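Undergrad: Residue numbers (this note's numbering): 1 to 232. Each residue gets a CB set at the ideal place from its N, CA and C atoms; glycine is no exception. Here the structure is a predicted model, which is why all the values come from computation and not from measurement. Below is the structure I would like to discuss, written out as structure tokens.
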Amino acid sequence: DFSVGEPDQETPARVRKAAADAMNRGETRYVASLGIPALRKAVVARYLEDDGVSFDPAEVAITLGGKQAYSLVCEALLDPGDEVVIPSPFWPTFAEAARLVEGRPVFAPLDGAKGFAFDPDAILRKVRKKTRILLINSPSNPTGAVVGEKALVDIARSLKARAPEAFLVYDDTYARLSYVDGSPQMLPKVREILGDRFLIAGTASKTYCMTGWRIGWILGPTSVIQGVSTLI
């Protein structure tokens, strides 16, 4: 049910046990603002195994869920008047997080008759010099549409050409709940095209049934991660 994004299952027993064991060992004190080093390494390892995309643990920030991950990206990147291109329909947080820092959400309507597919032409039509962030949320909340490799690579190439200073933010909150065929190697291609202009925002909430745990992350260039560290 994408209206609340709450998995039916409880958090797996092995996860709950690991957390209890850690607390019983006394691991209850402050940690570095960017997160427990072992967790940052684990996030890197998971994306390398699942998506073939390589990051360094220094390029990871652990956040209070996926919402804060995206909100912190907006705080770190947007100046007043900067634009965020958001395919529509969309999850309300995507627009409001931009507005909170005086950014301007710009909506790119997708065609419901085509299953709200991520149409590069429709999305890129909204990109201009003021664009600072182009957001791709795949699988999409609320439509369930999944971006294909060709579409995502085309978007990345055109974004770089049209707005070289813009960032592509890939929100993959529901990524591990995708049941369509696709290449796991498209994220490395996007990173190769965009370099330090590519960020991923993710969360443990859906995949691991950990909504109430509030664990998310940002992967991106160290310059952005260090900027985020001052905000956490």
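#1: Have a look at the DSSP bridge pairing and note the partners of F198.
#2: Output yes or no for whether 8 Å exceeds the beta carbon distance between V169 and I123.
#3: Count the other CB atoms, across all protein chains shown, that sit within 10 Å of the CB of G103; report buried if there are 16 or more and exposed otherwise.
#4: Which partner residues of G216 appear in the DSSP bridge assignment?
#5: Quick one: which unbroken alpha helix (DSSP H) runs of 4-plus residues sit fully inside the segment 14-82? Chain order, please.
#6: To which residues of the same chain is V153 closer than 8 Å at the C-beta, ignoring the five residues directly before and after it?
#7: Is it buried or exposed for L177, if we count other Cβ within 10 angstroms and need 16 for buried?
#8: Among residues of its own chain, excluding the 5 on either side of C209, which ones have a beta-carbon nearer than 6 Å to its beta-carbon?
#9: Report, in whole angstroms, the separation of the C-beta atoms of F116 and P89, which I expect to be a contact under 8 Å.
#10: What is the residue span of the beta strand (DSSP E) that V106 lies within?
#11: For the segment 106-116 against the segment 55-72, are there 3 or more C-beta pairs whose distance is under 8 Å?
#12: Is the beta carbon of R125 less than 8 Å from the beta carbon of F167?
#13: Taking L134 as part of the beta strand (DSSP E), name the residues at either end of that continuous run.
#14: So P205 and G65 are in contact, right, with Cβ under 8 Å, and what is the actual spacing, rounded?
TA: For this structure:
#1: Stepping through the sequence shown from its first residue, residue 198 is reached at position 198. Paired residue(s): L168.
#2: Within the sequence shown, numbered from 1, the residue matching residue 169 stands at position 169. Within the sequence shown, numbered from 1, the residue matching residue 123 stands at position 123. Cβ atoms of V169 and I123: not closer than 8 Å.
#3: Indexing the sequence shown from 1 puts residue 103 at position 103. By the 10 Å Cβ count, G103 comes out buried.
#4: Here residue 216 refers to the residue found at position 216 of the sequence shown. DSSP lists T63 and T203 as partners of G216.
#5: 37-51 and 65-77
#6: Position 153 of the sequence shown, counting from 1, holds the residue named residue 153. Hits under 8 Å: M186, K189, V190 and I193.
#7: Counted from its first residue, the sequence shown places residue 177 at position 177. With fewer than 16 other Cβ atoms within 10 Å, it is exposed.
#8: What you label residue 209 is simply residue 209 of the sequence shown in a count that begins at 1. Excluding positions up to five away in sequence, the list reads P7, Q9 and T11.
#9: Counting from 1 along the sequence shown, the entry for residue 116 is found at position 116. Counting from 1 along the sequence shown, the entry for residue 89 is found at position 89. F116 to P89, Cβ: 7 Å. Contact.
#10: Position 106 of the sequence shown, counted from the first residue, corresponds to residue 106. V106 -> beta strand (DSSP E) spans R104 to P109.
#11: no
#12: Position 125 of the sequence shown, counting from 1, holds the residue named residue 125. Position 167 of the sequence shown, counting from 1, holds the residue named residue 167. Not closer than 8 Å, so no.
#13: As a position in the sequence shown, residue 134 is number 134, starting the count at 1. Element bounds for L134: T131 to N137.
#14: Counting from one through the sequence shown, the residue named residue 205 turns up at place 205. Counting from one through the sequence shown, the residue named residue 65 turns up at place 65. The question names Pro, but residue 205 is Ser in the sequence shown. With a contact defined as Cβ atoms closer than 8 Å, S205 and G65 qualify at about 6 Å.
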